[in-house]
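Heads up, the thing below is written out as structure tokens.
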Amino acid sequence: MQDDHGQDVAAGDNADRRRWMGILARAGRSELEEAWNGLREQPAYEWLRQPEVGLVMVRARAGGTGDAFNMTEMSMTRCALRLADGTTGYSYVQGRDTRQAELAAVFDALMQKPEHRLAIAGTVIERLEGKQAERRLQKSLKAASTKVEFFTMVRAETKK
19 MQDDHGQDVA
29 AGDNADRRRW
39 MGILARAGRS
49 ELEEAWNGLR
59 EQPAYEWLRQ
69 PEVGLVMVRA
79 RAGGTGDAFN
89 MTEMSMTRCA
99 LRLADGTTGY
109 SYVQGRDTRQ
119 AELAAVFDAL
129 MQKPEHRLAI
139 AGTVIERLEG
149 KQAERRLQKS
159 LKAASTKVEF
169 FTMVRAETKK
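Structural data, given as structure tokens:
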């Protein structure tokens with residue numbers, strides 16, 4: 019597989035990109051704005067595809083392993099942009115926030131540039147990942163606190 023500049027991309031790079039794109043897609047707009055404002059230099063870019071809001075079909079499986087079925091529709095925003103050096107960034111985010119999609123695409127493009135990758139990974143991606151892990155933990159703890167355990171008592175019958 020080759021990148022936007024015709025260079026070979028290792029399979030590990032694809033896994034890394036999937037990881038950071040997932041983190042960016044789950045990040046909130048305010049978190050992305052904070053990261054954007056924290057950049058020393060905010061890169062110039064041009065639109066390849068301006069943010070578009072649409073619907074996607076959410077599929078599920080009966081019992082988690084059974085036949086797949088269409089469960090519901092979900093709004094989604096996507097966009098694509100190109101930095102001045104030709105690096106292309108993409109994003110797909112849940113919801114209708116066009117600015118969130120724009121910022122996620124910019125960070126995707128910056129992460130592809132070796133000279134920015136370490137700095138962005140350390141200051142943006144790891145911070146977002148930590149916040150997302152904390153939210154998952156808090157949600158899990160809240161759910162666990164409402165857990166109800168049922169038990170059955172067996173009554174011994176006595177004969178008279």
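Just so you know, we're using the numbering used here here: the sequence shown kicks off at 19 and counts up by one. Glycine included, each C-beta is placed from N, C-alpha and C at the ideal position.
* Please report the residue range of the beta strand (DSSP E) in which Met-75 lies. => Taking the sequence shown and counting its residues from 1, the one referred to as residue 75 is at position 57. Segment 63 to 79, the beta strand (DSSP E) holding Met-75.
* **Euclidean distance between Cα positions of Gly-104 and Glu-147** => In the sequence shown, residue 104 corresponds to position 86, counting from 1. In the sequence shown, residue 147 corresponds to position 129, counting from 1. Taking the CA atoms as reference points, Gly-104 sits about 27 Å from Glu-147.
* Asked: So Gln-112 is in the beta strand (DSSP E); what residue range does that whole segment cover?
  -> Within the sequence shown, residue 112 is the residue found at index 94, counting from 1. Note, Gln-112: beta strand (DSSP E), 106 to 112.
* To do: Over the uninterrupted beta strand (DSSP E) stretch that includes Arg-96, give me the two end residues.
  => Position 78 of the sequence shown, counted from the first residue, corresponds to residue 96. Counting along the chain, the beta strand (DSSP E) containing Arg-96 begins and ends at 86 to 101.
* To do: Can you grab the Cα-Cα spacing for the pair Val-76 / Ile-138, in whole Å?
  => As a position in the sequence shown, residue 76 is number 58, starting the count at 1. As a position in the sequence shown, residue 138 is number 120, starting the count at 1. About 31 Å.
* **Selection from Glu-91, Leu-99, Gly-81, Arg-100 that minimises the alpha carbon distance to Gly-113** => As a working note, residue 113 is residue 95 in the sequence shown. The option with the nearest alpha carbon to Gly-113 is Glu-91.
* Minimum C-alpha distance to Glu-120 - residue among Leu-42, Asp-31, Arg-35 -> Position 102 of the sequence shown, counted from the start, is the residue given in the question as residue 120. Answer by Cα proximity: Leu-42.
* Asked: Hey, is the segment 120 to 134 in contact with the segment 45 to 64, meaning 3+ C-beta pairs nearer than 8 Å?
  -> Between the segment 120 to 134 and the segment 45 to 64, the count of C-beta pairs closer than 8 Å reaches three or more; the two stretches touch.
* For Met-94 and Leu-73, believed in contact at Cβ under 8 Å, the rounded distance -> In the sequence shown, the residue the question calls residue 73 occupies position 55. In the sequence shown, the residue the question calls residue 94 occupies position 76. With 8 Å as the limit, Leu-73 and Met-94 qualify as a contact, their Cβ atoms being about 7 Å apart.
* Asked: DSSP on Val-166, reduced to helix/strand/coil?
  -> Position 148 of the sequence shown, counting from 1, holds the residue named residue 166. It is coil, neither helix nor strand.
* Asked: Which two residues bound the contiguous alpha helix (DSSP H) that contains Glu-7?
  -> The requested residue 7 does not occur in the structure, where the chain is confined to residues 19 to 178.
* **Close Cβ partners of Gly-56 (< 6 Å) along its chain, the five nearest in sequence each way excluded** => Here the question's residue 56 lines up with position 38 in the sequence shown. There are no such residues.
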